[in-house]
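Some notes on the structure that comes next.
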Amino acid sequence: MTTDTDELRALRAFRAEDAACGADASAAARAALLERIEAAAAPTSVPRVEAPRARRPRRRLLAGGLGFAVSAAAAAALVVGVGTRSVRPEAASAAKALRTAAGVAAGGPDVPLGAGRYWYVSRELVLSSRRFTVATPAGGLATYALANVRERSEEWIDSEGEGRRVTRTIGTPRFASPADRRAWVAAGRPALGQGTPWTLAPAGAAVERQPANGWKALSGLSYDALRALSTDDDALAHRLRRVAADSPEETFAFAANLLRSTPVSAAQRAALYRVLAKVPGVELLGTVKDERGRSGTGIALERDGVRMDLLFDPETALLLDFSRTVTDPRQVAGRPDANLPVQEHEAFLSAGVVDSTHARP
Amino acid sequence: LRSDAELIADSLTDPRHFAALFDRHHAAIAGFLRRRVEPALGDELAAETFLQAFAARERYDVAHADARPWLYGIAANLMRRHHRAEERRLRAYARAATRTDDEGAFEAIDARLDAAAAQRALATALASLGPGERDVPLLYAWVELSYEQIAEALGIPVGTVRSRLHRARRVVRELLGRCGEEERDPIVVVGPMAREEQR
Numbered sequence: 001m002t003t004d005t006d007e008l009r010a011l012r013a014f015r016a017e018d019a020a021c022g023a024d025a026s027a028a029a030r031a032a033l034l035e036r037i038e039a040a041a042a043p044t045s046v047p048r049v050e051a052p053r054a055r056r057p058r059r060r061l062l063a064g065g066l067g068f069a070v071s072a073a074a075a076a077a078l079v080v081g082v083g084t085r086s087v088r089p090e091a092a093s094a095a096k097a098l099r100t101a102a103g104v105a106a107g108g109p110d111v112p113l114g115a116g117r118y119w120y121v122s123r124e125l126v127l128s129s130r131r132f133t134v135a136t137p138a139g140g141l142a143t144y145a146l147a148n149v150r151e152r153s154e155e156w157i158d159s160e161g162e163g164r165r166v167t168r169t170i171g172t173p174r175f176a177s178p179a180d181r182r183a184w185v186a187a188g189r190p191a192l193g194q195g196t197p198w199t200l201a202p203a204g205a206a207v208e209r210q211p212a213n214g215w216k217a218l219s220g221l222s223y224d225a226l227r228a229l230s231t232d233d234d235a236l237a238h239r240l241r242r243v244a245a246d247s248p249e250e251t252f253a254f255a256a257n258l259l260r261s262t263p264v265s266a267a268q269r270a271a272l273y274r275v276l277a278k279v280p281g282v283e284l285l286g287t288v289k290d291e292r293g294r295s296g297t298g299i300a301l302e303r304d305g306v307r308m309d310l311l312f313d314p315e316t317a318l319l320l321d322f323s324r325t326v327t328d329p330r331q332v333a334g335r336p337d338a339n340l341p342v343q344e345h346e347a348f349l350s351a352g353v354v355d356s357t358h359a360r361p
Numbered sequence: 362l363r364s365d366a367e368l369i370a371d372s373l374t375d376p377r378h379f380a381a382l383f384d385r386h387h388a389a390i391a392g393f394l395r396r397r398v399e400p401a402l403g404d405e406l407a408a409e410t411f412l413q414a415f416a417a418r419e420r421y422d423v424a425h426a427d428a429r430p431w432l433y434g435i436a437a438n439l440m441r442r443h444h445r446a447e448e449r450r451l452r453a454y455a456r457a458a459t460r461t462d463d464e465g466a467f468e469a470i471d472a473r474l475d476a477a478a479a480q481r482a483l484a485t486a487l488a489s490l491g492p493g494e495r496d497v498p499l500l501y502a503w504v505e506l507s508y509e510q511i512a513e514a515l516g517i518p519v520g521t522v523r524s525r526l527h528r529a530r531r532v533v534r535e536l537l538g539r540c541g542e543e544e545r546d547p548i549v550v551v552g553p554m555a556r557e558e559q560r
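Chains Y and C supply the protein sequences, listed in that same order.
Residue 2 in the working numbering sits at position 2 of the first sequence, and the numbers go up by one each step.
Each number in the working numbering comes from the position in the second sequence (counting from 1) with 361 added on.
Here is the structure:
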């Protein structure tokens, strides 16, 4: 063994802060493995048909399959306007729509968080692919997926990251597939939505807790770092690439996240739209309605088997809806379940600055 | 405590034993991958590592009690498909100063070096190595595998491990030295380094 020299010490410390895997990712990985394990332990009990589904054309995939109404419901969250998919959208028109939105955003409100004030954001999250791992009466483990589970959340957060978060489960969950139902029956029909890594609140009940990780959970940046973001397009794009990753899809996702969940200033919102306008490959979908019937301008970026859709109100430049959908599971690491293509989908209901953790804008 | 090899052998008759191997090694494998690419991609590759390992468990040589070389071999192999993402991220690190949010951990390790300059130098050094070459110093420094285990993981001779590690350390040392000359305040060069120089 060599002695622990400067270069080894430095190498050991390099990016050590990124090493810790979150509980959710770890539990998801474990659940995916357990699913394979259980399938191997009882090869006839869980017939999965991932490969043929993965080869389906996207239109079929997004439409979901027999009994998989979850995926269909979530994927249909964005209903593309008349004829927009039949005409190849022009990237240039997406850039134009985004630059127009930048102009609107520049004239929007700008209310920094002073002492005793809270950023409020209300949204509805579709948990379309939540897996639960439960102990079986025989002492083994079973894993099943629920779909069409929706969670509505309200969050109040001050400049230090303290505040209040209330979540409630709404809607009626379904099993993601017949195999998931069989796994749940085999596990002795435990209470739905109970288990790891995720436990849902009983339908209708509100669960209240502190915001997890404060601002970091919303955007990965502290409030001060958020407000210090440059309003110069190139400098902002450079900063986003540093925080996220140097790729168009990460820049798109990160800019969308800042627009949808953080109190950046009007000038910063405008700059974020201009950054989006420069992301290569962004397509204009035209006028689009979300599942709540709200109409807006839709844009999308599809790369490496994943498509991100973003809907904004052209009158106010406020974000309405964001979703991330797997269009080709073969291209995505971890081979996501073709039955549950929507990775995340959030509808943004309202946001603003308020004076207490019980006030709404 | 059952060895990794025993768990894998048991999993051939009852696959559920494989879950214990996951519990034992997943966090470290995920850490290894998360540090190399975008953390979310690292998580996906870590999950895939165990799916591939499970599918290939019948081919595991149970003479090796410690399964880490086998698991890291699979992880490194998956990583190689994403070497462009890794290099893109390293170049981004090399260009930019350290992220403003979390440089504390780095500084605490080696207070003598300016954290941002050292990160840039390290990223430059690692980016200058080929994808296969990078595995060796990272398995050695981060995972603390022995030369023999690294050779087993990557399917290369022990002599090649030695030469790749030697080259990687030289590149890192040179670039760290250079960043020291340009950016390190000479007043802070005290402590262990001064003692080393006196030897």
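Beta carbons: idealized from backbone N, C-alpha and C, even for Gly.
The structure presented is a predicted model; accordingly, all values stated were derived computationally and were not measured.
Every alpha helix (DSSP H) of 4 residues or more that sits fully in the region 232-257 of chain Y is shown, in chain order, as 233-243. Fewer than three pairs of CB atoms, one per stretch, sit closer than 8 Å, so the region 27-44 of chain Y makes no contact with the region 147-155 of chain Y. In this structure the region 364-383 of chain C does not touch the region 340-348 of chain Y; the number of beta carbon pairs closer than 8 Å is below three.
Counting only residues of its own chain and dropping the five nearest sequence neighbours on each side, residue 184 of chain Y has a CB closer than 6 Å to the CB of 144.
Judged by beta-carbon spacing, residue 120 of chain Y lies beyond the 9 Å limit of residue 267 of chain Y, meaning their Cβ atoms are not closer than that value. By the criterion of at least three beta-carbon pairs nearer than 8 Å, the region 229-236 of chain Y is not in contact with the region 281-294 of chain Y. DSSP places residue 226 of chain Y outside any beta strand (DSSP E); the residue lies instead in the alpha helix (DSSP H), whose first and last residues are 223-227. Inclusion of residue 313 of chain Y and residue 297 of chain Y in the CB contact set at 9 Å is warranted, their separation being smaller than that value.
Segment contact: the region 398-418 of chain C against the region 487-497 of chain C, fewer than three CB-CB distances shorter than 8 Å; contact not assigned. Restricting attention to Y/277, Y/249, Y/354, the CA atom closest to the CA of residue 323 of chain Y is found in Y/249. For residue 18 of chain Y, the nearest CB of chain C lies under 9 Å from its own CB, placing it at the interface with that chain.
In this structure, DSSP gives residue 316 of chain Y a state outside helix and strand, which the three-state scheme calls coil. Residue environment: residue 392 of chain C is assigned as buried (16 or more neighbouring CB atoms within 10 Å of its CB, all protein chains considered).
In this structure, the alpha-carbon of residue 165 of chain Y lies about 40 Å from that of residue 432 of chain C. Between residue 321 of chain Y and residue 300 of chain Y, the C-beta gap is not smaller than 9 Å, which leaves the two residues out of contact. In chain order, 120, 350, 351, 352, 353, 354 place their CB closer than 8 Å to the CB of residue 361 of chain Y, counting only its own chain and leaving out the 5 sequence neighbours on each side.
Taking 3 residues as the shortest admissible run, the region 152-185 of chain Y contains the following complete beta strand (DSSP E) segments, listed from N- to C-terminal end: 163-170. Chain C has no Cβ within less than 9 Å of the Cβ of residue 261 of chain Y.
For residue 383 of chain C, the enclosing alpha helix (DSSP H) begins and ends at 379-395. Taking the C-beta atoms as reference points, residue 161 of chain Y is found no nearer than 9 Å to residue 122 of chain Y. For a Cβ distance threshold of 7 Å, residue set 530, 533, 534, 537 of chain C lies close to residue 7 of chain Y, ordered along the chain. Only residues of its own chain outside the window of five on either side were considered, and among them 430 have a CB closer than 6 Å to the CB of residue 513 of chain C, listed in chain order. Pairing residue 29 of chain Y with residue 387 of chain C gives a Cβ-Cβ distance under 9 Å. Taking all protein chains shown into account, residue 403 of chain C has 16 or more neighbouring C-beta atoms within 10 Å of its C-beta and is therefore buried.
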